[in-house]
Structures are given as structure tokens and as C-alpha cells.
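Numbered as in this note's numbering, the sequence shown ends at 373 without a single skipped number.
Virtual Cβ for every residue (Gly too), placed ideally from N, Cα, C.
Since the structure is predicted, the reported quantities are computational estimates derived from the model, not experimental observations.
This report concerns only the one structure given below.
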Amino acid sequence: MAHGHSHGHKGFKFDVSNLEKLRDPERLRYLNPDAIWRVIVREPPRVLVEIGVGIGYFAIPIAAQGPGRTVYACEINTVAFGYLQENLRLNRVSNVVPRLGSCRETAPRGVADWVLMGHFEAVDYLDVAFRALREQGTIVVHGLAPEERIATEPGSRFSAAAASAGVETLEMTVRRIKSYSPRISHFVLEARVKIPPKGLSDRPASGNA
Ligand SMILES: C[S@@+](CC[C@H](N)C(=O)[O-])C[C@H]1O[C@@H](n2cnc3c(N)ncnc32)[C@H](O)[C@@H]1O
């Protein structure tokens with residue numbers, strides 16, 4: 165395992181074999197961008213921000229299927245970012261705005277109606293997602309949690325971060341995607357939220373020291 169640079173308080177690791185996994189055709193079985201598309205189609209985003217975009221597995225199909233939309237694609241890792249740029253060229257997609265660096269510095273503010281959070285530390289960055297939204301929108305968070313806590317932990321962390329930022333949670337669902345390691349599962353939380361008219365509170369979100 166190669167250790168990447170430390171950005172912010174937690175630092176990040178980067179494992180080249182993880183990058184390989186992102187283009188594994190096996191992913192299509194359990195995490196098909198088309199399945200996400202079916203949800204998106206009910207409420208097509210005009211502006212979507214993806215945090216932790218990797219090589220563009222979600223961002224590219226989402227952008228390609230909605231040429232009128234803008235997809236901001238934030239990625240911290242330079243190697244993944246290089247592949248993303250190459251994949252944008254290969255797929256001739258011009259409505260993706262790639263942004264290299266931590267989402268805390270690179271995510272746009274006040275523009276999105278969807279935020280997709282594709283990295284497993286995403287719950288620590290919910291304040292970034294809330295700030296990216298324009299007023300009302302959908303946040304999709306991928307994460308990891310112990311199997312027996314999937315039904316409670318992700319939802320309560322989300323609600324606490326939302327309450328702390330003064331954001332109203334209108335609806336929320338949590339789904340288990342698959343096993344990640346013997347006791348840990350990969351989940352997806354999808355929430356519809358409303359940003360208060362007065363703007364967000366500056367209090368730090370819970371779990372976001
Ligand atoms: C598990 S991968 C998923 C990539 C993509 N969403 C997918 O499903 O193919 C997570 C990605 O998030 C990136 N990442 C982690 N922390 C980040 C941060 N703070 N800001 C932007 N990108 C980040 C990692 O470098 C990695 O490429």
C-alpha cells in the first residue's frame with residue numbers, strides 16, 4: 165500500500181489496487197450507474213457535484229445522459245484525476261468540470277441540486293455537501309459501517325450533521341450495497357434536504373472535528 169499525502173486533519177491513504185477496483189466490470193453487478201440513473205431520472209439534476217469522483221465511474225454516464233447539466237467532479241488523488249481527465253476525453257464529455265484537490269477547497273458552493281459523495285470518509289464532509297446545494301436537494305452518501313449498525317449509525321450521523329448545520333432533512337433512506345470486509349458493509353444513504361433561507365449555521369458538524 166502506498167500512502168498518499170496528508171490533506172487536512174485525517175490524512176488519506178491511496179492504494180493503487182483500489183483504483184483498479186474502480187474499473188472492475190464486477191462493480192456493475194452491485195453498483196450500476198444505470199441504477200443510480202433510474203433514481204436521477206425521477207428528478208433530473210441540473211447541477212450535480214460529485215465528491216470523490218475517482219476515474220469518473222458515475223460522473224461520466226450522468227453527464228453524458230444529460231448534456232444540458234453540469235457535473236462538478238472533485239477528486240483529491242492526482243493519479244485518479246489523470247484517469248478522469250483521460251476518460252472525459254475518451255467519452256467526449258464536455259459538461260464535467262474536473263476539480264483537483266480536497267472537496268473542502270474545490271467543491272462549488274450554492275449551485276447544486278444533487279451531491280454524490282463517493283468516498284468512504286464522506287460523512288466527515290457533509291458540511292461541504294450542504295454548502296454545495298442551492299436550496300433543496302438530494303445528497304447521496306456512500307459509506308462503511310459495521311453490519312449490525314447499518315440501520316442506525318449512518319442515519320443518526322447524517323441527522324446530527326444536518327441539525328448542526330441548520331439543514332432540514334425531508335426524507336432519508338439507507339441501503340446496504342454489499343459486504344466490504346467480514347463485519348463491515350458498504351451502504352448508500354440518500355437524503356432529501358432543505359437549506360434554510362437564512363443560510364447555513366457556521367457551527368461545526370458533529371463528527372467533523
Ligand atoms: C472509493 S473511491 C470511489 C470513486 C467513485 N465515486 C466511484 O465510485 O468509482 C473514492 C475516491 O474519493 C477520493 N477522495 C477521498 N477523499 C477526498 C476528498 N476529501 N476530496 C476529494 N476526493 C476525495 C479518493 O481519492 C478516491 O478516488
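DSSP places ARG295 inside the alpha helix (DSSP H), whose first and last residues are 290-296. GLY216 has its CB nearer than 7 Å to a heavy atom of ligand 1. Taking a cut-off of 8 Å for Cβ pairs, the region 302-312 and the region 351-361 touch, as three or more such pairs fall below it.
In this structure, ASN241 has its CB closer than 7 Å to one or more heavy atoms of ligand 1. Ranked by how close their Cα comes to the Cα of ARG210, the residues LYS342, SER323, PHE284, VAL279 have VAL279 in first place. Note: THR316 is not bridge-paired with any residue in the DSSP secondary-structure output. Less than 8 Å divides the Cβ of GLU239 from the Cβ of LEU264. In the assembly as shown, THR270 is a buried residue. Its beta-carbon has 16 or more other beta-carbons within 10 Å.
In the DSSP annotation of this structure, the continuous segment of the beta strand (DSSP E) that includes GLU332 starts and ends at 332-345. ALA237 is positioned such that its CB atom lies closer than 8 Å to that of VAL260. Within its own chain, the residues whose Cβ lies closer than 7 Å to the Cβ of ARG339, once the five positions on either side in sequence are excluded, are PHE351, VAL352, listed in chain order. Counting C-beta atoms within 10 angstroms of its own C-beta, GLU332 has fewer than 16 neighbours from the protein chains shown and is therefore classed as exposed.
Annotation: the continuous beta strand (DSSP E) that includes PRO262 extends over 260-264.
Each residue's CA atom was taken as its position, placing LEU252 and SER266 some 20 Å apart. Here DSSP, grouped into helix, strand and coil, assigns PRO225 to helix. Remark: C-beta atoms of ALA276 and LEU308 do not approach each other more closely than 8 Å. According to DSSP, residue pairing for GLU354 in a beta bridge involves VAL304, THR337. Excluding residues up to 5 positions away in sequence, ASN255, VAL257 lie with their Cβ nearer than 7 Å to the Cβ of ALA228 in the same chain.
Excluding the 5 residues flanking it on each side, GLY274 has same chain C-beta neighbours closer than 6 Å at ARG298, in chain order. Here DSSP, grouped into helix, strand and coil, assigns ALA237 to strand. Selection ALA326, GLY216, ALA324, ARG347 evaluated against VAL243 yields GLY216 as nearest (Cα-Cα).
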